[in-house]
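Chains as they are written, first to last, in UniProt numbering: chain A, 1 to 280; chain Z, 1 to 285. Just below is one structure, and these are the notes that go with it.
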Amino acid sequence: MELVAEREKVAEGETVMKIKKPVIKPKPQVVYEFDISNINVFYGEAQILKDINMKIEPRSITALIGPSGCGKSTFLRMLNRMNDTIDGFSFNGTVLHKGSNIYDKKTQVEDLRKKVGMVFQKPNPFPKSIYENVIYGLRLNGVRNKSVLDEAVEKALKQAALWNEVKDDLKKSALALSGGQQQRLCIARTIAVEPEVILMDEPASALDPISTAKIEELVFDLQQKYTFIVVTHNMHQASRISQKTAFFHMGDLIEYGDTETIFTKPSQKLTENYITGRFG
Amino acid sequence: MVRGVLFLAGMSVIVVLGGIFAMLFYYGMHAFSDISLSEFFLSTSWNPSAYGEPTYGILSMVVSTLFVSVGAMVIAIPIGVGAAAYISEIAKPAVRETLKPVIEILASIPSVVVGFFGIVFLGPLIADTFGLSSGLNAINGSFLLAFMSLPTIISVSEDAIHSVPEEYKAASMALGATKWYTLVKVILPAASSGIIASIMLGFGRAIGETMTVLMATGNALRMPGNLFDSVRTMTANIAIELGEVPFNTTHYYSLFAVGLMLFLMTMLVNLAAERITQHIGRHKL
Numbered sequence: 001m002e003l004v005a006e007r008e009k010v011a012e013g014e015t016v017m018k019i020k021k022p023v024i025k026p027k028p029q030v031v032y033e034f035d036i037s038n039i040n041v042f043y044g045e046a047q048i049l050k051d052i053n054m055k056i057e058p059r060s061i062t063a064l065i066g067p068s069g070c071g072k073s074t075f076l077r078m079l080n081r082m083n084d085t086i087d088g089f090s091f092n093g094t095v096l097h098k099g100s101n102i103y104d105k106k107t108q109v110e111d112l113r114k115k116v117g118m119v120f121q122k123p124n125p126f127p128k129s130i131y132e133n134v135i136y137g138l139r140l141n142g143v144r145n146k147s148v149l150d151e152a153v154e155k156a157l158k159q160a161a162l163w164n165e166v167k168d169d170l171k172k173s174a175l176a177l178s179g180g181q182q183q184r185l186c187i188a189r190t191i192a193v194e195p196e197v198i199l200m201d202e203p204a205s206a207l208d209p210i211s212t213a214k215i216e217e218l219v220f221d222l223q224q225k226y227t228f229i230v231v232t233h234n235m236h237q238a239s240r241i242s243q244k245t246a247f248f249h250m251g252d253l254i255e256y257g258d259t260e261t262i263f264t265k266p267s268q269k270l271t272e273n274y275i276t277g278r279f280g
Numbered sequence: 001m002v003r004g005v006l007f008l009a010g011m012s013v014i015v016v017l018g019g020i021f022a023m024l025f026y027y028g029m030h031a032f033s034d035i036s037l038s039e040f041f042l043s044t045s046w047n048p049s050a051y052g053e054p055t056y057g058i059l060s061m062v063v064s065t066l067f068v069s070v071g072a073m074v075i076a077i078p079i080g081v082g083a084a085a086y087i088s089e090i091a092k093p094a095v096r097e098t099l100k101p102v103i104e105i106l107a108s109i110p111s112v113v114v115g116f117f118g119i120v121f122l123g124p125l126i127a128d129t130f131g132l133s134s135g136l137n138a139i140n141g142s143f144l145l146a147f148m149s150l151p152t153i154i155s156v157s158e159d160a161i162h163s164v165p166e167e168y169k170a171a172s173m174a175l176g177a178t179k180w181y182t183l184v185k186v187i188l189p190a191a192s193s194g195i196i197a198s199i200m201l202g203f204g205r206a207i208g209e210t211m212t213v214l215m216a217t218g219n220a221l222r223m224p225g226n227l228f229d230s231v232r233t234m235t236a237n238i239a240i241e242l243g244e245v246p247f248n249t250t251h252y253y254s255l256f257a258v259g260l261m262l263f264l265m266t267m268l269v270n271l272a273a274e275r276i277t278q279h280i281g282r283h284k285l
């Protein structure tokens, strides 16, 4: 199918050239950040995700909501293959990232994770200095130049809205920071390597309201640069920051669409019940 | 009542330790009424039964002890830490559950059996391999002591590595690090205080071990030039001479002084270990 489409386009282009009409750029084919089709995930016998289909656009914020155990975290961790090492994990379906199949045998999982970063529920900075934490991924990628690293640290910490609080003492242990600062440090560590996607697994659930607001704010500010996919238990958070919302329930994707629509005119009764707090 | 009994049990440890130290110190100090400190620490000649002019220099024995035990650590550290990392991070559960008890059993082999193994197997092997007349030398002792300190190093290191939070690992993997990179850059550094403690415990064991080195290192009383020389360690010297020495002579007291020296060395190692682990701990937390 794709091949045929390609040929037609070429043919069109030639025609256009011949008759010397102003060149109309063909509308660029949308390359989805993630194109997920017919995903089934099992842990041993238990089916965690059932026939999920979802397309996620680049430079957007997608919220994944649903009651505990609905499969939203499993779904998220599938996108950077963090489920791979879990005992009994099995999987079928396809997950395309920028058009390439991330579960293909040829895909290097390390390369995928360099493009698809992740921020965890519990802040997990390494027991190293703030500086060392931010440059961990750069070192991993072979960056050795001190001034490049210094610059990257400043840039990442600024983007993560942490620079002003720590710039005087970058040698301080990351574990001496508050929980909210630690989580922003983890975000800085993730964006220092300039990934394309940032996955967040309830990034603010362990934080106080002020820290939560800071994290939401910075995600909002960074959406021009990265694609965010955020698992959240917090309905307000989902409605505040995301453009798209996906509602999971018992392994099914019940509803996926514009956040506004989902929160004002959900098409499924189940979604409505959940977002209005009748269960969950 | 119960409280009192437990209190006595707890105190007994301190009493025994204090008693041993007091005895070593009391008898050891007697030696220095006849032996000058400089001779004791700096002379390489130990010949207390020489007619006319006995000598009491422990330097060659101290160096021998260090040769054998440092050699043992050079061998045991990479193997021990490697094995610990393997068991904790790489081995499948079935392999792990087999290896751990095997290592415990290793620790229970009597030292005399290890020494015997050194005499009949490792000694000839070393002699053949390096073209020596005798395989009873420092390197033989190092191998045996390495073997004997491995269970300590492995099990304590394994505990330390195993207790590194999963979150660190996940963070590293999520940044695109391989398992190997994560192990070297995150897990081992995070476990370093425990690993160093395990090494110091192993080192203390190696310094204090007696029977094995007595059997396997040749017992030559002279300054060793290299690892292929026969050596007599401080422990072996005490064990050999204390049974024969006339009571309450300078020779008798000097053996206590050697024991005191040994005690101080192992204590120093332990204190150093504590300092190092605290230092790292502070930087981490």
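No residue lacks a Cβ here, since even glycine has one placed at the ideal position from N, Cα and C. Predicted, not measured: the structure shown is a model, and the values here were computed from it.
Count Cβ pairs between the segment 102 to 113 of chain A and the segment 56 to 68 of chain A that sit closer than 8 Å; are there 3 or more? no
For Leu170/A, which residues in chain Z fall below 9 Å Cβ to Cβ? Near Leu170/A there are no residues of chain Z at all, since even the closest Cβ is about 14 Å away, more than 9 Å.
Simplified DSSP state of Thr182/Z, which is helix, strand or coil: helix
Can the beta-carbon of Leu61/Z be found closer than 9 Å to that of Arg232/Z? Contrary to the premise, residue 61/Z reads as Met rather than Leu in this sequence. Against a cut-off of 9 Å, the Cβ pair of Arg232/Z and Met61/Z comes out as a contact.
Helix, strand or coil at Glu217/A [DSSP, three-state]: helix
Through-space distance from Ser192/Z to Lys115/A, alpha-carbon basis: 31 Å
Run through DSSP, which three-state label would Lys18/A get? Confidence is the limiting factor: at Lys18/A the pLDDT is only 49, short of 50, which leaves the residue's position unreliable, though a coordinate-based value still follows. Helix, per DSSP.
If you draw a straight line from the C-alpha of Leu268/Z to the C-alpha of Ser33/Z, how long is it? 25 Å
Closest by C-alpha distance to Phe203/Z, when choosing among Thr152/Z, Arg3/Z, Asn47/Z, Leu183/Z: Thr152/Z
Rounded C-alpha distance that separates Gly218/Z from Asn237/Z: 11 Å
Measure the alpha-carbon distance for Ala160/A versus Leu253/A and round it to whole angstroms. 31 Å
Taking just the CA atoms, how far does Lys92/Z sit from Arg77/A? 23 Å
Given 8 Å, three or more beta-carbon pairs between the segment 231 to 240 of chain A and the segment 183 to 203 of chain A: yes
If we define contact as Cβ-Cβ less than 9 Å, is Leu285/Z a contact residue for chain A? Confidence at Leu285/Z is low in this model, with a pLDDT of 42, below 50, so the placement of that residue is unreliable and no value is reported for it.
Where the segment 153 to 187 of chain Z meets chain A: residues whose CB sits under 8 Å from a CB there: Pro165, Glu167, Tyr168, Ala170, Ala171, Ser172, Met173, Ala174, Leu175, Gly176, Ala177, Thr178, Tyr181, Lys185, Val186
Residue of Ile77/Z, Trp46/Z, Val81/Z, Ala76/Z minimising C-alpha distance to Ser64/Z: Trp46/Z
Interface residues of chain A around residue 354/Z at Cβ under 7 Å? Residue coverage of chain Z in this structure runs from 1 to 285, which leaves residue 354/Z outside it and unanswerable.
Proximal residues to Pro195/A (C-beta, below 8 Å), its chain only, five neighbours per side dropped: Lys114, Lys115, Val116, Gly117, Tyr226
If the criterion is Cβ atoms closer than 9 Å, does the pair Glu255/A and Thr271/A meet it? yes
Using DSSP with H/G/I as helix, E/B as strand and the rest coil, what is Ser173/A? strand
With 16 as the cutoff for other CB atoms within 10 Å, does Pro125/A come out buried or exposed? buried
Test: Phe91/A CB closer than 9 Å to a CB of chain Z: no
Relative to the C-alpha of Thr55/Z, which residue among Tyr168/Z, Phe256/Z, Thr129/Z, Phe40/Z is closest? Phe40/Z
The segment 96 to 110 of chain Z contacting the segment 143 to 159 of chain Z, beta-carbon criterion three pairs below 8 Å: yes
How many angstroms separate the CA atom of Gly118/Z from the CA atom of Gly225/Z? 21 Å
Taking 9 Å as the threshold (C-beta atoms), are Thr62/A and residue 299/A in contact? Limits of chain A in this structure are 1 at one end and 280 at the other, which puts residue 299/A out of reach.
8 Å Cβ shell around Thr266/Z - same chain, five flanking residues per side excluded: Gly204, Ile207, Gly208
Could you check the C-alpha separation between Leu106/Z and Leu150/Z for me, to the nearest Å? 9 Å
Contact belief for His251/Z with Val245/Z at Cβ below 8 Å, rounded distance in angstroms: 5 Å
Exposure of Tyr253/Z, with buried meaning 16 or more beta-carbon neighbours within 10 Å: buried
Flag this pair as yes or no: are the beta carbons of Met261/Z and Ile58/Z separated by less than 9 Å? yes
When you compare each of Ile135/A, Arg144/A, Leu79/A, Asn145/A to Lys171/A by their alpha carbons, which one comes out closest? Ile135/A
Compute the Euclidean distance between the alpha carbons of Ile20/Z and Leu227/Z, then round it to the nearest angstrom. 33 Å
Check the C-beta distance from Ile77/Z over to Ile199/Z and give it rounded, since I have them as a contact under 8 Å. 6 Å
Rounded to whole angstroms, what is the Cα-Cα separation between Glu274/Z and Val166/A? 31 Å
Tell me the DSSP secondary structure of Thr44/Z in three-state form. coil
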